[in-house]
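For reference, the structure is listed below as structure tokens.
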Amino acid sequence: MPQEEGFLSNIYSVEGSENLRDYYDQWADSYDSELAQSDYRTPQRCAQALARYLSDPDAPVLDFACGTGLSGVALYAAGFRVIDGMDISAGMLAQARAKGVYRKLVQPAPDAVLDARGQGYAAIVASGAISPGAAPPENIDGALDSLAQGGLLVISLNDHALDEGGYKERLDAAVAAGGAERLEAARGPHLPALGLQSTVFVLRKV
Ligand SMILES: C[S@@+](CC[C@H](N)C(=O)[O-])C[C@H]1O[C@@H](n2cnc3c(N)ncnc32)[C@H](O)[C@@H]1O
1 MPQEEGFLSN
11 IYSVEGSENL
21 RDYYDQWADS
31 YDSELAQSDY
41 RTPQRCAQAL
51 ARYLSDPDAP
61 VLDFACGTGL
71 SGVALYAAGF
81 RVIDGMDISA
91 GMLAQARAKG
101 VYRKLVQPAP
111 DAVLDARGQG
121 YAAIVASGAI
131 SPGAAPPENI
141 DGALDSLAQG
151 GLLVISLNDH
161 ALDEGGYKER
171 LDAAVAAGGA
181 ERLEAARGPH
191 LPALGLQSTV
201 FVLRKV
């Protein structure tokens with residue numbers, strides 16, 4: 001399928017959380033193959049970033065907006081064995097379930113903001129997850145609020161999120177307020193076949 005006819009080219013024009021959920025439901029069957037055509041690299045980069053700071057394979061990790069599970073597969077390949085996934089789209093979750101790497105998969109309401117307080121996650125990973133065309137930026141605060149002191153947030157922000165604004169600024173605000181420390185920020189390939197990059201941030205809750 002030519003790229004301009006794929007789901008990816010239209011995702012940024014979808015408005016409203018229910019429409020977004022329905023769009024991903026329709027995209028679920030072809031998501032992996034479409035992303036593979038553009039050599040999607042961010043899930044591996046996020047998983048490898050987490051592995052630099054978390055060595056315990058049994059540490060519980062939440063894969064926020066896990067989609068079809070490409071990020072869970074990357075986390076599993078990086079050594080993690082207790083991975084929960086969360087996504088608003090049942091279609092994407094069905095694909096994720098078939099990957100066989102998740103302990104648990106949950107489906108919040110489309111307009112819900114991430115709240116995993118008290119669930120004991122050592123890390124939350126948001127790979128390609130919080131962005132225009134994906135979960136909104138208030139989930140950054142939800143993720144940080146969900147972690148206990150010392151917990152890790154690994155989040156990728158692609159060029160669209162960085163250009164639009166309102167995403168990195170939330171990370172910077174959390175660091176400036178003393179709620180988190182930034183361990184690294186690494187720019188690299190996101191969808192290299194489309195010339196898109198992302199920055200993978202690692203924050204530790206203070
Ligand atoms: C671009 S996909 C990324 C999926 C996966 N993390 C990956 O790297 O392939 C974005 C995902 O965010 C999910 N999503 C959108 N809004 C969300 C929200 N508010 N809460 C949880 N998931 C959401 C969509 O259903 C979709 O599966």
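Its first residue numbered 1, the sequence shown is counted upward by one per residue in the numbering used here.
The beta carbon of each residue, even a glycine, is placed where N, CA and C say it ideally should be.
Being a predicted model, the structure only gives us computed values, none of them experimental.
Asked, Found
"Give me, in chain order, the residues of the same chain whose beta-carbon lies closer than 8 angstroms to that of phenylalanine 7; leave out the 5 immediate sequence neighbours on both sides.", "Tyr23, Gln26, Trp27, Ser30, Tyr31 and Glu34"
"Exposed or buried, what is serine 127 when buried is set at 16 or more other beta-carbons lying within 10 Å of its beta-carbon?", "buried"
"Rank Gln95, Ser146, Pro108 and Ser131 by C-alpha distance to the C-alpha of glycine 118 and give the top, closest one.", "Ser146"
"What's the gap between the Cα of aspartate 260 and the Cα of alanine 193?", "Because the chain is modelled from 1 through 206, residue 260 falls outside the range shown and cannot be assessed."
"Verify the contact flag: proline 108, CB atom, against every heavy atom of ligand 1, threshold strictly below 7 angstroms.", "yes"
"With C-beta atoms as the reference, is glutamate 181 less than 8 angstroms away from leucine 203?", "yes"
"With a CB to CB cut of under 6 angstroms and the five nearest residues on each side skipped, what residues in its chain are close to alanine 123?", "Leu50, Leu54, Val61 and Leu152"
"Tell me where the alpha helix (DSSP H) around proline 43 begins and ends.", "42-51"
"Does the count of Cβ pairs from the segment 161-176 and the segment 61-74 closer than 8 angstroms reach three?", "no"
"Helix, strand or coil: which one does DSSP assign to isoleucine 88?", "coil"
"Taking the C-alpha atoms as reference points, what is the distance between alanine 258 and glycine 100?", "In the structure displayed, the chain extends from 1 to 206; residue 258 sits before or after that span and is not available."
"Taking buried to mean at least 16 other C-beta atoms within 10 Å of its own C-beta, is aspartate 87 buried or exposed?", "buried"
"When you measure from the CB of arginine 21 to every non-hydrogen atom of ligand 1, does any distance come out below 7 angstroms?", "yes"
"Strictly by DSSP, which residues pair up with asparagine 158?", "Ser198"
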